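S.K.:
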Amino acid sequence: MAEHASGIRYHVYGQGQRGTFLLVHGWCGDHTFMAPLAEHLAAARARVIAVDMPGHGQSPPPPDGYGVDQMAGRLRALARELGLRRVTVIGHSLGGVWSLAAAAADPAVFTGLGLLDSAVAGAPGAAEAIAQVAGMLRDDSTGAAREQIVRSYFRPYSDPALVASVLRAMARPSTEAAYEPIAGLADYVARGGDTAALTAWRRPLLLIGTDAPFADYAHLSRLVPAAHVGQTVGSGHFMQLEVPAQVNEMVDRYLKVTG
Numbered sequence: 038m039a040e041h042a043s044g045i046r047y048h049v050y051g052q053g054q055r056g057t058f059l060l061v062h063g064w065c066g067d068h069t070f071m072a073p074l075a076e077h078l079a080a081a082r083a084r085v086i087a088v089d090m091p092g093h094g095q096s097p098p099p100p101d102g103y104g105v106d107q108m109a110g111r112l113r114a115l116a117r118e119l120g121l122r123r124v125t126v127i128g129h130s131l132g133g134v135w136s137l138a139a140a141a142a143d144p145a146v147f148t149g150l151g152l153l154d155s156a157v158a159g160a161p162g163a164a165e166a167i168a169q170v171a172g173m174l175r176d177d178s179t180g181a182a183r184e185q186i187v188r189s190y191f192r193p194y195s196d197p198a199l200v201a202s203v204l205r206a207m208a209r210p211s212t213e214a215a216y217e218p219i220a221g222l223a224d225y226v227a228r229g230g231d232t233a234a235l236t237a238w239r240r241p242l243l244l245i246g247t248d249a250p251f252a253d254y255a256h257l258s259r260l261v262p263a264a265h266v267g268q269t270v271g272s273g274h275f276m277q278l279e280v281p282a283q284v285n286e287m288v289d290r291y292l293k294v295t296g
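Using the numbering used here, you'd call the opening residue of the sequence shown number 38 and step up by one each time.
#1: Which residue's Cα is closest to the Cα of residue 62: 290, 110, 136 and 149?
#2: With burial defined as no fewer than 16 other Cβ atoms inside 10 Å of the residue's Cβ, what is the status of residue 291: buried or exposed?
#3: For residue 85, which residues of its own chain have a beta-carbon under 6 Å away from its beta-carbon, when the five flanking residues on both sides are left out?
#4: Give me, in chain order, the residues of the same chain whose beta-carbon lies closer than 8 Å to that of residue 177; leave out the 5 immediate sequence neighbours on both sides.
#5: Where does residue 47 sit, in a helix, a strand or coil, going by DSSP?
#6: Taking the continuous beta strand (DSSP E) assigned at residue 41, which residues delimit it?
#7: Can you tell me which residues form a DSSP beta bridge with residue 87?
#8: For residue 283, report the span of its alpha helix (DSSP H) as first-last.
#9: Using C-beta distances below 7 Å, list every residue in its chain close to residue 42, excluding the 5 sequence neighbours before and after it, in chain order.
#10: Taking the C-alpha atoms as reference points, what is the distance between residue 55 and residue 83?
#11: Quick check for students: name the residue ranges of the beta strand (DSSP E) that lie wholly in the stretch 99 to 145, counting only runs of 3 or more.
#12: What does a CB cutoff of less than 6 Å around residue 268 pick up in its chain, not counting 5 residues either side in sequence?
#13: Quick test of the definition: if touching needs 3 or more C-beta pairs under 8 Å, does the stretch 91 to 109 touch the stretch 221 to 239?
#14: Since residue 201 contacts residue 67 with CB under 8 Å, what's their CB separation in whole angstroms?
#15: How big is the Cα-Cα spacing for residue 162 and residue 196?
#16: Ignoring anything shorter than 4 residues or poking outside the stretch 159 to 200, list the alpha helix (DSSP H) runs there in chain order.
#17: Going by DSSP in three states, residue 230 sits in which element: helix, strand or coil?
#18: Taking the alpha carbon of residue 94 as the point to measure from, which residue in 45, 130, 138 and 73 has its own alpha carbon closest?
#19: Output needed for residue 138: all residues of its chain with C-beta closer than 6 Å, excluding positions within five of it in sequence on either side, in chain order.
Written as structure tokens, this is what we have:
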């Protein structure tokens with residue numbers, strides 16, 4: 038079921054009473070990137086809301102820009118308009134950064150947090166590396182740089198059909214929607230936004246990485262001693278699509294041990 042609120046198109050999976058989940062796709066994605074996890078949670082009788090973030094999928098571009106604070110503000114506005122309470126928000130990649138910023142700013146609404154291979158608590162030089170990626174995307178009118186970046190997120194053994202499907206989906210957003218969020222992420226990390234938000238988050242969180250994670254696990258654990266850190270086996274960046282069973286099981290365990 039698709040609906041609109043606060044400038045965001047969202048899809049509802051399930052109508053159960055075992056918790057409410059807000060699922061947030063990453064850079065150049067849409068709600069379908071979170072579908073395996075959404076279907077898994079809904080099957081466990083949860084209410085799941087999977088969004089198309091502004092400028093992605095069927096949601097219009099944001100009037101106030103693609104910065105992390107602005108996109109996080111849109112998630113908070115959506116939660117308020119829908120009257121959500123005690124929400125677990127789970128975001129993939131850049132969606133995890135938007136989710137972290139939203140949750141840290143409104144812990145009365147967001148009580149659980151999951152980050153799927155998100156660029157938080159990075160190693161020294163992370164902001165500069167992200168800024169370089171943004172530079173590649175600034176004038177990428179042909180989409181060649183975008184395709185190069187997306188391909189780098191997979192492994193040599195990744196399913197070619199999945200790679201092709203992800204490439205097609207991630208080619209759809211505009212050049213602005215590809216560049217501006219990454220530039221906003223570079224600014225957010227450079228000014229310590231992720232560190233401040235992680236420090237402000239006073240509850241357990243889940244971070245799932247890969248064999249080439251964006252997060253520095255040790256640094257994350259120092260910032261959030263209650264963090265639960267997991268790592269997939271045999272997956273690139275799009276873990277929730279490549280190895281959904283692994284991701285689903287780790288999410289389930291996080292929910293169980295955190296109550």
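A virtual CB, placed ideally from N, CA and C, is assigned to each residue, including glycine.
All of these numbers come straight from a predicted model, not from anything done at the bench.
M.R.: Checking against the coordinates, here is how it stands:
#1: Measuring from the Cα of residue 62, the nearest candidate turns out to be 136.
#2: Per the 10 Å Cβ criterion, buried.
#3: 50, 51, 58, 75, 78 and 79
#4: So the list reads 183, 212, 215 and 216, once near-sequence residues are dropped.
#5: strand
#6: Unbroken beta strand (DSSP E) run through residue 41: 39 to 42.
#7: 48 and 60
#8: 281 to 295
#9: 115, 118 and 119
#10: 5 Å
#11: 124 to 129
#12: 246
#13: yes
#14: With 8 Å as the limit, residue 201 and residue 67 do not qualify as a contact, their Cβ atoms being about 16 Å apart.
#15: 32 Å
#16: 163 to 174 and 181 to 189
#17: helix
#18: 45
#19: 105, 109 and 234
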